[in-house]
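J.: Before anything else, here's the structure in question.
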Ligand SMILES: Cc1cc2nc3c(=O)[nH]c(=O)nc-3n(C[C@H](O)[C@H](O)[C@H](O)COP(=O)(O)OP(=O)(O)OC[C@H]3O[C@@H](n4cnc5c(N)ncnc54)[C@H](O)[C@@H]3O)c2cc1C
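Numbering (our numbering), first residue to last: 2 to 398.
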């Protein structure tokens, strides 16, 4: 005999940032909520986030910090459940936190504090979380009920919330389920790609820069009309660091990026002045005052780096300044979903209500968090989107 389907007022697929926030809010409204996840633990990405300290939000949040084919879509949710609302929740739990550069807020102790807070809130309102649960199929019956077949039986609900995240870090249980459900129900899905991800380099460049592995430099990195002022990090595979991760979300294959290794410095002026006062000083000795030593010959070549300033004409000095402050690099590609922090693209925002996250076409079907075509910058913006979109759906499901 086949077991009877289990009923829930709200069924949420994905027990992580967006799904748990939605579950808490729906539970507070007295809804009977069940959350399914195929992972063996909830919130795996929360635990690994921010180097284990979870950069849970940012003090400075606006739609400008997000990438989407509909840049206005995120405004409503972000203004209804703000970073201050989430901070208030964190403070209620007396979770110690601190602010780092550019308004990024991190736990003092561990990302576990954030997950424990969400799970405690879920418990208060009797949210049921089923782990190790594989979703096999989803159907909408003629009576408007969603039937979700899983490895743990069939679940029926009038409100189905997809909070299954993107494709980044398959090892952490990422899957394309959300995109497949959207396509099954005729919703448009924008092509996906890896975001906030390190660059790999062309073989020649990789070899030339290999010895720089481990060096970090404060830079301005730009592509097209966008630029970021943060560190870049040379790695044995290519380029990483916050400025590179940020620019990777805007980069298209085949494009070049421009790196200013000495932002805010009049390098040409400095070189010319020192040429007059210290003609015998070697270029590499002077530049070592403002740049890591190993970087200088790698960018300029050993022969140039070894020259005394008096051997450099004004035209050559201008060229050297440009090489360091307008260094053009063509990445070979990115490290892909294996190491990406986020997935760009996803469920077309125009398919959803910006107030409730409900599908405009399919009543009772909701998409929240990273599966939606809203991708934040590095700095706590992605979690804030998960909290805000999850909170909005939680008010109505
Ligand atoms: C290494 C790393 C560090 C990060 N650090 C930060 C940070 O410090 N700050 C920040 O703002 N953002 C950070 N991010 C991004 C952030 O983790 C995500 O944007 C956020 O977790 C998205 O939340 P979500 O709930 O939408 O999806 P997820 O957190 O990805 O959760 C999706 C859930 O759905 C489940 N699931 C997936 N497929 C299925 C399926 N088929 N059946 C059942 N369940 C399924 C998964 O197991 C998972 O539990 C980081 C990401 C990574 C990878």
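C-beta atoms are modelled at their ideal positions from N, C-alpha and C, and glycine is treated no differently.
Does any heavy atom of ligand 3 sit closer than 6 Å to the C-beta of residue 18?
T.: The model depicted lacks ligand 3 and carries ligand 1 instead.
J.: Compute the Euclidean distance between the alpha carbons of residue 149 and residue 359, then round it to the nearest angstrom.
T.: 18 Å
J.: Would you report the Cα separation of residue 129 and residue 168, rounded to the nearest angstrom?
T.: 25 Å
J.: I'd like the span of the alpha helix (DSSP H) that includes residue 219, first residue to last.
T.: Going by DSSP, residue 219 is part of no alpha helix (DSSP H) but of the beta strand (DSSP E) stretching over 217-224.
J.: Confirm the yes/no value for this check: CB of residue 178, any heavy atom of ligand 1, distance under 6 Å.
T.: yes
J.: Can you grab the Cα-Cα spacing for the pair residue 357 / residue 158, in whole Å?
T.: 17 Å
J.: Please give me, in chain order, every unbroken run of the alpha helix (DSSP H) with length at least 4 that falls completely inside the stretch 314-345.
T.: Restricted to the stretch 314-345, the alpha helix (DSSP H) segments that are unbroken, complete and at least 4 residues in length are 315-326, listed in chain order.
J.: Tell me the residue span of the beta strand (DSSP E) that contains residue 108.
T.: 105-108
J.: Examine ligand 1 and report whether any of its heavy atoms sits within less than 6 Å of the Cβ of residue 49.
T.: Yes.
J.: Is residue 393 near ligand 1 - that is, is its Cβ less than 6 Å away from at least one heavy atom of it?
T.: no
J.: Give me the Cβ distance between residue 123 and residue 28, rounded to the nearest whole Å; I'm assuming they're in contact under 8 Å.
T.: 7 Å
J.: Rounded to whole angstroms, what's the CA-CA distance from residue 89 to residue 68? Just pull it up for me.
T.: C-alpha separation (whole angstroms): 27 Å.
J.: By how many angstroms is the C-alpha of residue 232 removed from the C-alpha of residue 219?
T.: 4 Å
J.: Could you tell me which residues DSSP puts in a beta bridge with residue 190?
T.: 348
J.: Given a cut-off of 7 Å on the beta-carbon distance, is the pair residue 393 and residue 18 in contact?
T.: no
J.: DSSP three-state call for residue 360: helix, strand or coil?
T.: Strand, per DSSP.
J.: Could you please give me the residues that DSSP links to residue 157 through a beta bridge?
T.: Beta-bridge partners of residue 157 (DSSP): 8, 148.
J.: Name the one or two DSSP bridge partners that residue 99 has.
T.: 107, per the DSSP bridge assignment.
J.: Take residue 390 and list the residues in its own chain whose beta-carbon comes closer than 7 Å to its own, dropping the five residues that flank it on each side.
T.: Result list for residue 390: 19, 78, 358, 369, 370, 373, in chain order.
J.: Look at the alpha carbon of residue 210 and the alpha carbon of residue 299, and state the distance between them as a whole number of angstroms.
T.: Between residue 210 and residue 299, the alpha-carbon positions lie close to 6 Å from each other.
J.: Under 6 Å Cβ to Cβ from residue 376, same chain only, skipping five residues before and after it: list those, please.
T.: 68, 196, 343, 345
J.: How should residue 8 be labelled, buried or exposed, when 16 other C-beta atoms within 10 angstroms of its C-beta is the threshold for buried?
T.: So residue 8 counts as exposed.
J.: Could you tell me the distance, in whole angstroms, from the CA atom of residue 6 to the CA atom of residue 170?
T.: 32 Å
J.: For residue 72, collect the residues of the same chain with a Cβ closer than 7 Å to its Cβ; drop the 5 residues on either side in sequence, then sort them by chain order.
T.: 64
J.: Quick one: using the 10 Å Cβ neighbour count with 16 as the cut-off for buried, is residue 54 buried or exposed?
T.: buried
J.: Just how far apart, CA to CA, sit residue 164 and residue 224?
T.: The straight-line gap separating the alpha-carbon atoms of residue 164 and residue 224 is approximately 32 Å.
J.: Touching or not, the stretch 243-253 and the stretch 318-325, by the rule of three or more beta carbon pairs under 8 Å?
T.: no
J.: Which residues share a DSSP beta bridge with residue 20?
T.: None, per the DSSP bridge assignment.
J.: Apart from the five residues just before and just after residue 288, which ones in its own chain have a Cβ nearer than 6 Å to its Cβ?
T.: 297
J.: Nearest to residue 58 by alpha carbon, out of 101, 76, 93?
T.: If we check each option's Cα against that of residue 58, 101 comes out closest.
J.: Using the beta-carbon count (16 or more within 10 Å), is residue 93 buried or exposed?
T.: exposed
J.: Report yes or no: is there a C-beta of chain B within less than 7 Å of the C-beta of residue 149?
T.: Looking at the structure shown, chain B is missing, and only one protein chain is on hand.
J.: Round the Cβ separation of residue 112 and residue 48 to the nearest angstrom and send it over; I've been treating them as touching at under 8 Å.
T.: 5 Å
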